[in-house]
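Asker:
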Amino acid sequence: MIREAKTRADLAALCEIWASITPREPMTTEQLERRRERQPERLYLLAEEEEHAVGLGIVAPSDSPGRMFVGVRVLPGFRRRGIGADLYKRLAAHARGQEPESLSTLVSEADPDSIAWAERRGFEEYQRQAELVLELRGDEQAPAPPGGIELVEVTPDLHKAAYELTQEAWEDLPLAVPVELSAFEIWLEEEMSGPISFAAMEDGEMVGFAGLIGRDAPGLLEHGLTATRRTHRRRGIATALKQLEIAWAAVHGYRELITFTQDRNQGMQAINLALGFVAKPAWISMRRRP
Ligand SMILES: CC(C)(COP(=O)(O)OP(=O)(O)OC[C@H]1O[C@@H](n2cnc3c(N)ncnc32)[C@H](O)[C@@H]1OP(=O)(O)O)[C@@H](O)C(=O)NCCC(=O)NCCS
């Protein structure tokens, strides 16, 4: 049976399935509730068998104007029984009701069955995100900042400057489709919820910014955006910020860092690999006309 996930218990069941399929990218019931309040066009579905949740479906607006994200996940033991197809039918009908220009979905490179499943429904790859992880030893050291640069914790008085720098950086992301940065308040809520962000300052001006985002999985943190002002690139600022994040995470007992970046982002990829991050299977963004 497929039904809408409405209550907190429903959303908790949805999060559990999500986390069992992608444990490194868990979601929380609070996040799902908050986002649905903000975006009432969202739809969350649960597929149940004998009152146990075995699959989920999500429709959500994306960062890209006119594109609706559609996500289907079915527990491995319950695949090839039409549950995903039924979920997708409901999700696609709901998404089309929003009159989008395209539907998109995200599939792991390591999951050829799911790629083929999406292809059979008319989805085609349009970009890839690299996933990289770094296991922490615990004794990672904070870097010496590049000359003339001071590395500081981002405090609320620096939030506006960090948002402006994020806007500049988003313009430079090598993406196949245009994206729109969310409004300041939403950005604060989604990207600055902590545990900590750092800024690179030169003469009182922010020239670099990098944030760590909490993940609802033990010992794990995710790197948010890393950004350096166009005028200050190739001076080691992003590398120093990321090293500082690594040292901070190690000292605070975290054991693993995860980061996602566009596979065409040569700069960020080079920095991550030089810092010892190891590539995992990529995430393939696929889309189709509605
Ligand atoms: C990616 C970004 C953060 C790099 O910042 P930066 O401060 O210039 O990076 P660093 O100076 O620490 O780079 C260190 C090394 O990484 C590599 N690197 C950095 N940028 C590169 C680029 N554009 N092309 C190829 N290699 C690059 C180089 O090996 C560089 O060392 P070098 O300058 O001695 O050759 C910056 O270009 C930026 O803000 N881009 C827009 C936002 C973005 O893409 N963020 C990442 C999204 S996930």
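Be aware that the sequence shown starts at 86, since it is given in the numbering used here, and climbs by one per residue. Glycine residues also receive a C-beta, built at the ideal position from the N, C-alpha and C atoms.
1) Let me know the secondary structure DSSP gives residue 110 once reduced to three states.
2) From which residue to which residue does the beta strand (DSSP E) around residue 370 run?
3) Give every residue of the same chain whose Cβ lies closer than 6 Å to the Cβ of residue 293, excluding the five residues on either side of it in the sequence, and list them in chain order.
4) Do residue 356 and ligand 1 come close, with the Cβ less than 7 Å from some heavy atom?
5) Give me the Cα-Cα distance between residue 100 and residue 173, rounded to the nearest whole angstrom.
6) Can you tell me whether residue 316 is buried or exposed? The criterion is at least 16 other CB atoms within 10 Å of its CB, across all chains shown.
7) Given 7 Å as the limit, tell me if residue 296 has its C-beta closer than that to any heavy atom belonging to ligand 1.
8) Please confirm whether any heavy atom of ligand 1 lies closer than 7 Å to the CB of residue 323.
9) Going straight from the alpha carbon of residue 113 to that of residue 97, what length do you get?
10) Extract the residue ranges of the beta strand (DSSP E) inside the region 274-354, only unbroken runs of 3 or more that lie entirely within it.
11) Rounded to the nearest angstrom, what separates residue 107 and residue 217 at their Cα positions?
12) Indicate, with yes or no, if ligand 1 has a heavy atom lying under 7 Å from the CB of residue 349.
13) On the DSSP letters alone, give me the boundaries of the beta strand (DSSP E) that residue 187 sits inside.
Answerer: Taking the coordinates as given:
1) coil
2) 363-373
3) 285, 313, 322 and 326
4) yes
5) 18 Å
6) A residue is called buried once 16 or more other Cβ atoms fall within 10 Å of its Cβ, and residue 316, having fewer, is exposed.
7) no
8) For ligand 1, at least one heavy atom lies less than 7 Å from the Cβ of residue 323.
9) Those two C-alpha atoms are separated by around 7 Å.
10) Runs of the beta strand (DSSP E) lying entirely within the region 274-354 and spanning at least 3 residues, in chain order: 280-287, 290-299, 305-313 and 341-347.
11) 14 Å
12) no
13) 187-193
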